[in-house]
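What follows is a single structure, written as structure tokens, with notes after it.
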Amino acid sequence: MNESVIERQIEILWPTIGVSVTADLDGRNSDLADALWETLPYRSLQGHALVAGHHLYHLAPLPELLHVPGVHKIDRRIAPDGSVFCSRLQHLGIKYGPLSEPMPATPIGTVREDDLDALAEAGQAVWQSVYSGGQPVIVEVRRAGDDGGHRLRRPKARNELADRLLAELHEEIERIWLDPPQELVDLHEGRIASGAGSFGTTLTTMLFVNGETRPLGYCCYSGLVRAAQQQQLPLDFLRQMARIMAATPAEFLGYCGLNKLHEFTERALEAADQLEDREDFVALMGHMALYVNCLGAWNLQLFPWQVDEHLRPGGRVAPVGESLAAVRGKVTPFGETVAPA
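Right, here's the structure in full:
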């Protein structure tokens, strides 16, 4: 690559909000930054932290995020506003204010200081979209000065059965990447063909679907990709672990309405039993992770989080900054102190 690492900039745009920011890739965790740079441009559903505070994140179509290790890690709480992170959850994240979660993170760059107000504006708009069930916000990430666009890499496999499955899986990922999956729309509108939801409830099923989908993508399929990087682990062991970890949650999610997820999981496990090439296994598990994580992102967008207002004393929704005021000045697990406002 000819560009000096310090000279690389990316633009992050939210067209429906009318906001864009520029970030400098600064050389920290350069392997992750390189993977991002080579994947640009792309678009994705923009998400917002629902627990940690002032944090934007979205699913990035980078399989490398699942297994490329971060060299430089910091506690997000003490990172400056505008810090850009890559995550093993396949996220590109941006901090725009105080955070309460003590999570080590791998920074790759920083939003320019002149753009921090615009970043905060985007953060508040996305929060309203996610929390209140508003219009989904799409983010675009591209090299600064380049035209925008969108592309998703389609992995290949030497095994014919696995490659056919990857092609179908990729087609489904492209279909739901920027548009909500119909099965999740049906679920969140109370249409559940199996009758899941005791005594006619729907919120219970939505909650359990969210609770099963996230670890299936974040831990199961992503974990299998990372485990496959350990050459001392036999492929047969990895195949057995895939079935042990994925089959039961996928079956439950199928019962709750995610029939395609259940079907793809069953087919992926059957194909994995025939694989003799470790790279084929990585490609298949990695694309299953991307698919499930995409479903997870839409779950978070569609879930009726605003019911939380009924659980608060007086029904008042506290501003994010007010609810996080108590964390300032606390000592982190790394012996550092969260900076005061």
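Counting in my numbering, the sequence shown runs from 77 upward without gaps.
We put the CB at the ideal spot given by N, CA and C, even for glycine.
Does the Cβ-Cβ distance between residue 374 and residue 209 come in under 9 Å?
By 1-based counting over the sequence shown, the position of residue 374 is 298. By 1-based counting over the sequence shown, the position of residue 209 is 133. No, Cβ-Cβ distance for residue 374 and residue 209 is not below 9 Å.
Rounded C-beta distance between residue 118 and residue 137? I'm assuming under 8 Å.
For this step, residue 118 is matched to residue 42 along the sequence shown. For this step, residue 137 is matched to residue 61 along the sequence shown. Their Cβ separation, rounded to whole angstroms, is 6 Å, which keeps residue 118 and residue 137 in contact under 8 Å.
Taking only the alpha-carbon atoms, compute the straight-line gap between residue 457 and residue 221 and give it to the nearest angstrom.
Any question about residue 457 goes unanswered here, given that the chain covers just 77 to 417.
Determine, using beta carbons only, whether residue 131 and residue 152 come nearer to each other than 9 Å.
Within the sequence shown, residue 131 is the residue found at index 55, counting from 1. Within the sequence shown, residue 152 is the residue found at index 76, counting from 1. The answer is yes: Cβ separation under 9 Å.
So, for residue 319: in the same chain, excluding its five sequence neighbours on each side, which residues have a beta-carbon less than 7 Å away from its beta-carbon?
Locating residue 319 in the sequence shown gives position 243, counting from the first residue. 345.
According to DSSP, which residues form a beta bridge with residue 90?
Residue 90 sits at position 14 when you count from the first residue of the sequence shown. 95, per the DSSP bridge assignment.
With distance defined between alpha-carbon atoms, name the residue in 370, 387, 186, 88 nearest to residue 223.
Start at 1 with the first residue of the sequence shown, and residue 223 comes out as number 147. Taking only the C-alpha atoms, the option nearest residue 223 is 88.
Which of the three DSSP states, helix, strand or coil, is assigned to residue 232?
Translated into positions along the sequence shown, residue 232 becomes position 156. Coil.
Would the beta-carbon of residue 127 fall within 9 Å of that of residue 195?
Numbered from 1 along the sequence shown, position 51 holds the residue referred to as residue 127. Numbered from 1 along the sequence shown, position 119 holds the residue referred to as residue 195. Contact flag unset, no.
Distance check for residue 162 and residue 85, CA to CA, integer angstroms please.
Residue numbering aside, residue 85 sits at position 9 when the sequence shown is read from its first letter. Residue numbering aside, residue 162 sits at position 86 when the sequence shown is read from its first letter. Answer to the nearest angstrom: the Cα atoms are 15 Å apart.
Just how far apart, CA to CA, sit residue 147 and residue 273?
Indexing the sequence shown from 1 puts residue 147 at position 71. Indexing the sequence shown from 1 puts residue 273 at position 197. Cα to Cα, residue 147 sits roughly 45 Å from residue 273.
Does DSSP put residue 218 in a helix, a strand or coil?
One-based indexing of the sequence shown puts residue 218 at position 142. Strand.
Reducing DSSP to helix, strand and coil, say where residue 208 ends up.
In the sequence shown, residue 208 corresponds to position 132, counting from 1. If DSSP states are grouped into helix, strand and coil, residue 208 belongs with the helices.
Which class does residue 119 belong to by DSSP, given the choice of helix, strand or coil?
One-based indexing of the sequence shown puts residue 119 at position 43. DSSP places residue 119 in strand when its eight states are reduced to three.
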